[in-house]
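Student: Quick note on my numbering: the sequence shown kicks off at -10 and runs consecutively.
The structure follows.
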Amino acid sequence: MISLKELHTFGFDSLAESLIEIVHRDQLVPTFRTLKGQQYYLLGEGSNSVFLEDYLGTIVLNKLTGIQRHQDDAFFYLSVASGESWHDLVKSTLSMGIYGFENLALIPGTVGAAPIQNIGAYGVEIGTFIESVEYFDIDSSSFIVISGDDCKFEYRDSIFKNALFQKAVITQVNFKLPKQNVVEQTYAPLNQLADPSPLDIFNEVVKVRSEKLPDPKKLGNAGSFYKNPIVTIKQFENIQTRYDSVPHFRIDNSNVKIPAAWLIDQLGYKGKSCLGVKCHERQPLVLVNEGNGNGKGLLMLARKIKLDVSQNFSIDLENEVRLVGNNGLVNL
Ligand code: FAD
Ligand code: EPU
């Protein structure tokens, strides 16, 4: 049996039956031939996956590395193997004068997982810079390249969570970054910076995130536990009649996004814990492992918050984090 404690950032003491490390793409065909009909879970750095209990299958761990780049007059092009670290890529591009990723600094995880939920922070989503994604198609045992447009990027969503769910192993992400980069500083607190450079943005994002979010190396967590809900204007106005200061961001003429952190905060969950799993004091959207937590505690707390939000605001919170049980994904 293999310990999963160090292989996911929530740090529960779960086990898996076996583990296969993919260090070269040539391993993919024989590996998935062997795994046919068996249970397996693809894993990057485990920063968006929580192993609630022992996993009765094989972990396929992505360790594919390598970065290639070229440029023309207007763009830099990067082809990055999916097992590279996202934050290391942000740092290395910045140091080479390639800009655009700076708002997404300090997001844990592999490059290959980044397109899956279209990672985003401080007004930037990675889909904007993705020209194409190469994946290994498990059913046909072939490598396929899909354009960024066909990835159907949305807020925390893409084709990889829908039509290609459990069918694709992302092997390489191809980025296209304009040389004429425009600094994105519409989101607080970046909007307080006077004429910032990309490096200023990077430093501010690192500072704010380090203050707000618990470091998974010290306190197990998987970042935002739920997505921020998108509701209709009518639903929003109903809430506004009770709470006139409800924060919100307009998505389009019919929908607004409400911070889930605010909903959870209103219900008094900050600092509340259940069997060693706690709603974080500074950022209630983040649930943390106090060290002795377990999957039962996490499910109890997460389901209670979801039910309370539903009863009080008529909003159905959706988990952002992948919850993995004995036999695969578990619903809240
Ligand atoms: P994993 O947890 O290993 O995998 C995630 C999912 O992708 C799983 O379903 C897995 O099966 C699948 N998968 C992994 N690799 C592949 C592959 N190569 N091919 C196909 N499927 C694959 N996210 C944001 O968007 N914005 C943030 O600001 C942010 N902040 C965070 C802060 C903290 C402290 C933490 C712990 C997490 C945060 N996250 C954030 C979430 C997380 O960092 C991202 O979702 C990240 O992309 C996950 O990468 P990973 O390699 O750890 O994924
Ligand atoms: N809020 C409260 N109480 C709190 C904290 C926040 O009411 O204690 C309210 C405030 O109104 C605040 C709002 O929540 O303005 C938003 O909080 P924050 O700026 O911390 O961001 P978030 O909406 O909670 C999202 C992403 C993060 C991303 C940040 C920065 C989601 C689910 N989460 O968090 O992504 O880093 O914005 O852009 O969209 C992740 O996905 O794991 C993640 C960390």
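Just so you know, even glycine gets a beta-carbon here, dropped at the ideal spot from N, CA and C.
In this text, all values refer to a predicted model and were calculated from it rather than measured experimentally.
1. Note down, in chain order, each residue of its chain lying with its Cβ closer than 6 Å to the Cβ of Ile(-9), except the 5 sequence neighbours on either side.
2. Return the residue from the list Ala291, Leu296 and Lys168 that minimises the CA-CA distance to Val319.
3. For the alpha helix (DSSP H) that contains Leu188, what are its first and last residues?
4. Can we count Thr(-2) as close to ligand 1, meaning its CB is less than 7 Å from some heavy atom?
5. Flag this pair as yes or no: are the beta carbons of Thr82 and Ser36 separated by less than 8 Å?
6. List in chain order: all unbroken beta strand (DSSP E) runs of 3+ residues lying wholly within the segment 21 to 54.
7. Below 7 Å, is the gap between the Cβ of Thr20 and the nearest heavy atom of ligand 1?
8. Hey, could you find the ends of the alpha helix (DSSP H) Ile222 is sitting in?
9. In whole angstroms, what is the alpha-carbon distance linking Gln60 and Glu73?
10. Could you spell out where the beta strand (DSSP E) holding Lys165 opens and where it closes?
11. Whether or not the segment 106 to 118 and the segment 129 to 145 are in contact is what I'm after, with contact meaning three or more pairs of Cβ atoms, one per stretch, closer than 8 Å; do they touch?
12. Please confirm whether Asn165 and Glu91 have their CB atoms less than 8 Å apart.
13. Please state whether the Cβ-Cβ distance between Leu50 and Val158 is less than 8 Å.
14. Buried or exposed: Leu188, going by 16 or more other Cβ atoms within 10 Å of its Cβ?
15. Output needed for Val275: all residues of its chain with C-beta closer than 6 Å, excluding positions within five of it in sequence on either side, in chain order.
16. By the three-class DSSP mapping on this structure, what secondary structure does Ala5 have?
17. With H, G and I counted as helix, E and B as strand and the rest as coil, what does DSSP make of Ser81?
18. Less than 8 Å between the CB atoms is what I'm expecting for Ser303 and Gln224, so what's the real figure, rounded?
19. Where do the ends of the alpha helix (DSSP H) carrying Asn384 lie?
20. Any heavy atom of ligand 2 inside 7 Å of the beta-carbon of Gln232?
21. With distances taken between CB atoms, is the gap from Phe40 to Gly282 smaller than 8 Å?
22. On the DSSP bridge assignment, give the partners of Ala70 in chain order.
23. I think Pro218 touches Ile247, with their Cβ atoms under 8 Å apart; what is that distance to the nearest whole Å?
24. Could you give the first and the last residue of the continuous alpha helix (DSSP H) run that contains Ala211?
25. Starting from Gln255, trace the alpha helix (DSSP H) in both directions and tell me its first and last residue.
26. Run through DSSP, which three-state label would Asn92 get?
27. Run through DSSP, which three-state label would Thr117 get?
28. Is it buried or exposed, Phe154, if we count other Cβ atoms within 10 angstroms and call 16 or more buried?
Tutor: So, to answer that:
1. The residue given as residue -9 occupies position 2 in the sequence shown. For Ile(-9), where only same-chain residues beyond five positions count, the Cβ hits under 6 Å are Ala5 and Leu8.
2. Taking the first residue of the sequence shown as position 1, residue 319 is located at position 330. The shortest C-alpha separation from Val319 is found at Ala291.
3. Translated into positions along the sequence shown, residue 188 becomes position 199. Note, Leu188: alpha helix (DSSP H), Pro187 to Lys201.
4. The sequence position of residue -2 within the sequence shown is 9, counting from 1. Yes, ligand 1 has a heavy atom inside 7 Å of this Cβ.
5. The residue labelled residue 82 in the question sits at position 93 within the sequence shown. The residue labelled residue 36 in the question sits at position 47 within the sequence shown. The answer is no: Cβ separation not under 8 Å.
6. 29 to 32, 38 to 40 and 44 to 51
7. On the sequence shown, position 31 is the one that residue 20 refers to. No.
8. Residue numbering aside, residue 222 sits at position 233 when the sequence shown is read from its first letter. Where Ile222 is concerned, the enclosing alpha helix (DSSP H) stretches over Ile222 to Arg231.
9. The residue you call residue 60 lines up with position 71 of the sequence shown. The residue you call residue 73 lines up with position 84 of the sequence shown. Distance between the alpha carbons of Gln60 and Glu73: 21 Å.
10. In the sequence shown, counting from the first residue as 1, residue 165 sits at position 176. Element bounds for Lys165: Ala157 to Pro167.
11. yes
12. Here residue 165 refers to the residue found at position 176 of the sequence shown. Here residue 91 refers to the residue found at position 102 of the sequence shown. Sequence inspection shows Lys at residue 165; the Asn mentioned does not correspond to that position. No, the pair does not count as a contact, with Cβ atoms beyond the cut-off.
13. Residue mapping note: residue 50 aligns to position 61 of the sequence shown, counting from 1. Residue mapping note: residue 158 aligns to position 169 of the sequence shown, counting from 1. The answer is no: Cβ separation not under 8 Å.
14. Translated into the one-based positions of the sequence shown, residue 188 becomes position 199. When all chains shown are included, Leu188 counts as exposed.
15. Counted from its first residue, the sequence shown places residue 275 at position 286. Excluding residues within five positions, the ones whose Cβ falls inside 6 Å are Asn210 and His269.
16. Within the sequence shown, the letter at position 16 stands for residue 5. The answer is strand: DSSP assigns Ala5 an E or B state.
17. What you label residue 81 is simply residue 92 of the sequence shown in a count that begins at 1. Residue state, collapsed to three classes: helix.
18. Numbered from 1 along the sequence shown, position 314 holds the residue referred to as residue 303. Numbered from 1 along the sequence shown, position 235 holds the residue referred to as residue 224. With a Cβ gap of about 7 Å, Ser303 and Gln224 count as contacting.
19. A question about residue 384 goes unanswered here, because the residues of the chain that appear run from -10 up to 321.
20. Your numbering for residue 232 matches position 243 in the sequence shown. In the sequence on display, residue 232 carries Tyr and not Gln. Answer for Tyr232: no, Cβ out of range of ligand 2.
21. Here residue 40 refers to the residue found at position 51 when the sequence shown is read from its first residue. Here residue 282 refers to the residue found at position 293 when the sequence shown is read from its first residue. Taking 8 Å as the Cβ cut-off, Phe40 and Gly282 do not qualify as a contacting pair.
22. In the sequence shown, counting from the first residue as 1, residue 70 sits at position 81. Paired residue(s): Gln161.
23. Here the question's residue 218 lines up with position 229 in the sequence shown. Here the question's residue 247 lines up with position 258 in the sequence shown. Contact flag correct, Cβ pair sits at about 6 Å.
24. Here the question's residue 211 lines up with position 222 in the sequence shown. Counting along the chain, Ala211 falls outside any alpha helix (DSSP H), though it belongs to the beta strand (DSSP E) covering Gly209 to Ser213.
25. In the sequence shown, counting from the first residue as 1, residue 255 sits at position 266. It spans Ala249 to Gln255 - the alpha helix (DSSP H) in which Gln255 sits, taken as one unbroken run.
26. Indexing the sequence shown from 1 puts residue 92 at position 103. Here Asn92 sits in helix by DSSP.
27. Along the sequence shown, read from residue 1 onward, the residue named residue 117 stands at position 128. Helix.
28. What you label residue 154 is simply residue 165 of the sequence shown in a count that begins at 1. Exposed.
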